[in-house]
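Protein chains in written order, with the working numbering: chain R, 1 to 164; chain Z, 165 to 328.
Number of protein chains: 2
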Amino acid sequence: MKGEVSKIRQDSSYVTEQFRYIILATQRLGSRLLQEEYKKIGISSSQSEVIQVLKEWEPISLKKLGELLLCEEGSPSRLIDRMVKAGFINKYRSEEDSRYVLLELSEKGREIYEKIVRIDQEFYKKLENIFSEDEMKQVNQLLSKFLMRYPVCQTLRGRNFLEK
Amino acid sequence: MKGEVSKIRQDSSYVTEQFRYIILATQRLGSRLLQEEYKKIGISSSQSEVIQVLKEWEPISLKKLGELLLCEEGSPSRLIDRMVKAGFINKYRSEEDSRYVLLELSEKGREIYEKIVRIDQEFYKKLENIFSEDEMKQVNQLLSKFLMRYPVCQTLRGRNFLEK
DNA sequence: TGTAAACTAATGACATGTCATTTAAAATGA
DNA sequence: TCATTTTAAATGACATGTCATTAGTTTACA
C-alpha cells in the first residue's frame with residue numbers, strides 16, 4: 001500500500017522533506033492563529049508588520065519600508081494605499097526629493113499599535129508554554145545558518161532578528 | 165536611538181519574537197528558492213504539492229485532496245481547474261456519488277512529476293549542506309509539539325510527516 | 001547644458017489564500 | 001414519500017504576493 005511505504009522511510013531525504021513541510025506548516029499555522037486575533041481589531045498580518053516597522057522607524061520611505069518588511073518585496077504601494085485609506089498611516093511626498101514618499105503612523109495607527117503589541121504578547125505566551133527559551137534560541141541559531149546565505153538576512157538584521 | 169534599544173534586548177519575549185520571524189523568513193525563503201526552480205518547468209509550488217499528493221493517492225476526491233494539502237484549505241476548485249486546463253490532471257465526476265469529483269494525474273502530470281522530484285532532491289541537497297540530519301530531526305520534533313495541538317496535524321499525519 | 005542612466009513609486013496582470021455564500025446531490029428521519 | 005439536513009464542489013469578493021512594465025524625478029557625465 002502506497003501510503004504505508006512512505007510511512008517507514010527513514011532516509012535523510014525523508015527527514016529533509018519532513019523538515020521542509022513542518023516549517024511550512026508551522027509558519028502557516030502561526031500565521032493563521034495570529035490572523036484570527038488581528039482580524040478582531042480589523043487588520044491583517046501584513047498590516048500589523050507595517051505598523052510595527054513604522055512605529056520603530058518612522059518617518060520612513062516606501063523603499064526603506066519594503067526593505068524591512070518580510071511580507072512583501074519591492075515597493076509595497078498597494079498595501080500602504082489601503083492602510084492610508086483605512087486611516088492607519090499618513091503619507092506625503094518628500095520635499096527634498098520628490099521620488100520619495102514618506103510614511104508615518106497616524107493617531108489611529110498608534111492606537112492600534114498598542115492592541116497589536118498585546119495580541120503579539122499573548123501569542124508569544126502561547127509559544128512559551130510549548131517551547132522553552134533555550135529551544136527557541138536553538139531553532140533561531142540553526143535556521144540562521146540558512147538565512148545568512150541569502151539577501152533576506154539584510155532584512156532580518158535591519159529588524160534586529162539576526163546578528164551580524 | 166530606537167533601533168539600538170531593541171538590538172540589545174535579550175528578554176524571552178524577544179527570543180520568541182525572533183523565533184516567529186525567523187520561522188516566517190525561513191519558510192518564505194525556502195518557498196521562493198523552490199518557486200524559482202518550479203517556474204523553470206512551468207508550475208507553482210502549490211501545483212507541485214498537488215501533483216505529489218495525486219501521485220501517491222490517486223484517484224482522489226477534491227475534498228480528500230483539500231485535507232492533504234498544506235497550501236490551501238477547503239475545496240481547492242480553482243487551483244485544480246487551472247491544472248486541468250494546463251493538462252496536468254484529469255478530473256471526472258464519481259459515478260457512485262455525483263457530489264464527488266475524482267482526480268488523477270494525466271500523462272503530462274506524470275512526466276512533470278519526475279521533474280518535480282529532481283528539483284526537490286536538489287533543494288534537499290542544499291538543505292543537507294547546511295543542516296545535519298540530527299539538526300533537522302531536532303527541529304522537526306520540536307516544532308511538532310506545536311503542530312500536534314491543532315487540526316493541521318491531521319494533514320501532516322495524512323502525509324506521513326508526523327507520527328501518531 | 002542636455003542627454004542618458006539610475007532611482008522611487010505606481011500600476012498591470014495573474015495566481016494564491018481566505019472566508020462566506022450558493023448550488024446540487026445524497027442521507028436522514030418523520 | 002417528502003421535507004430537512006448534511007455533504008461536496010463551485011463561486012464571489014477581497015487581500016496578498018510576484019514579476020514585469022511604466023511614469024516621474026534626480027544624478028551623472030560628456
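Quick reminder that beta carbons are idealized off the backbone N, C-alpha and C, glycines included.
Cross-chain neighbours of residue i in chain Z, by beta carbon under 8 Å
| i | result |
| --- | --- |
| residue 15(R) | 297, 300, 301 and 304 |
| residue 102(R) | Chain Z residues near residue 102(R): none, gap ~17 Å exceeds 8 Å. |
| residue 159(R) | 185 |
Under the three-state DSSP convention, the category residue i falls into
| i | result |
| --- | --- |
| residue 92(R) | strand |
| residue 70(R) | coil |
| residue 104(R) | strand |
| residue 165(Z) | Any answer about residue 165(Z) is weak, because its pLDDT of 36 lies below 50 and its placement is not dependable; what the coordinates show is given next. Three-state result, residue 165(Z): coil. |
| residue 142(Z) | Examination of residue 142(Z) is not possible in this model, given that chain Z is present from 165 through 328 alone. |
| residue 148(R) | coil |
| residue 123(R) | helix |
Cα-Cα separation between residue i and residue j, rounded to whole angstroms
| i | j | result |
| --- | --- | --- |
| residue 73(R) | residue 192(Z) | 11 Å |
| residue 263(Z) | residue 239(Z) | 12 Å |
| residue 305(Z) | residue 116(R) | 30 Å |
| residue 215(Z) | residue 30(R) | 26 Å |
| residue 162(R) | residue 283(Z) | 29 Å |
| residue 329(Z) | residue 202(Z) | Not covered by the structure: residue 329(Z). The range shown for chain Z is 165 to 328. |
| residue 41(R) | residue 200(Z) | 36 Å |
| residue 220(Z) | residue 133(R) | 39 Å |
| residue 313(Z) | residue 322(Z) | 16 Å |
| residue 4(R) | residue 295(Z) | Note that residue 4(R) has pLDDT 41, beneath the 50 cutoff, so the model's placement of it is unreliable and no number is given. |
| residue 300(Z) | residue 260(Z) | 44 Å |
| residue 25(R) | residue 311(Z) | 8 Å |
| residue 256(Z) | residue 227(Z) | 14 Å |
Supposed close pair residue i, residue j - CB separation, criterion 8 Å
| i | j | result |
| --- | --- | --- |
| residue 105(R) | residue 61(R) | At roughly 15 Å, the Cβ-Cβ gap does not stay under 8 Å, so residue 105(R) and residue 61(R) are not in contact. |
| residue 84(R) | residue 68(R) | About 18 Å separates the two Cβ atoms, so there is no contact after all. |
| residue 230(Z) | residue 252(Z) | Rounded, the Cβ-Cβ distance is 17 Å, inconsistent with contact. |
7 Å Cβ cut-off: residues of chain Z touching residue i
| i | result |
| --- | --- |
| residue 152(R) | 189 and 193 |
| residue 130(R) | 309 and 310 |
| residue 65(R) | Going along chain Z, no residue has its Cβ under 7 Å from residue 65(R), so there is no contact; the nearest lies around 14 Å. |
Beta-carbon neighbours of residue i, restricted to chain R and to distances below 9 Å
| i | result |
| --- | --- |
| residue 200(Z) | What residue 200(Z) touches in chain R: nothing, since even the nearest Cβ is about 12 Å away. |
| residue 157(Z) | Any question about residue 157(Z) goes unanswered here, given that chain Z covers just 165 to 328. |
Interface partners of residue i on chain R, CB under 7 Å
| i | result |
| --- | --- |
| residue 288(Z) | 13, 16 and 17 |
| residue 234(Z) | 21, 24, 25 and 28 |
Under 8 Å by beta carbon: chain R residues contacting residue i
| i | result |
| --- | --- |
| residue 285(Z) | 13 |
| residue 291(Z) | 16, 19, 20 and 146 |
| residue 320(Z) | 21, 22 and 25 |
For this session: Note down, in chain order, all residues in the segment 133-149 of chain R with a beta-carbon under 8 Å from any beta-carbon belonging to chain Z.
Result: Contact residues of the segment 133-149 of chain R toward chain Z are 133, 135, 136, 137, 138, 139, 140, 142, 143, 144, 145, 146, 147 and 149 (C-beta to C-beta distance below 8 Å).
Exercise. Looking at chain Z, which residues of the segment 15-33 of chain R have a Cβ within less than 7 Å of any of its Cβ atoms?
Worked result: Per Cβ criterion, the list reads 15, 16, 17, 18, 19, 20, 21, 22, 23, 24, 25, 26, 27, 28, 29 and 30.
For this session: Compile a chain-ordered list of the residues in the segment 72-98 of chain R whose CB is closer than 8 Å to at least one CB of chain Z.
Result: If the cut-off is 8 Å between Cβ atoms, the segment 72-98 of chain R has nothing near chain Z.
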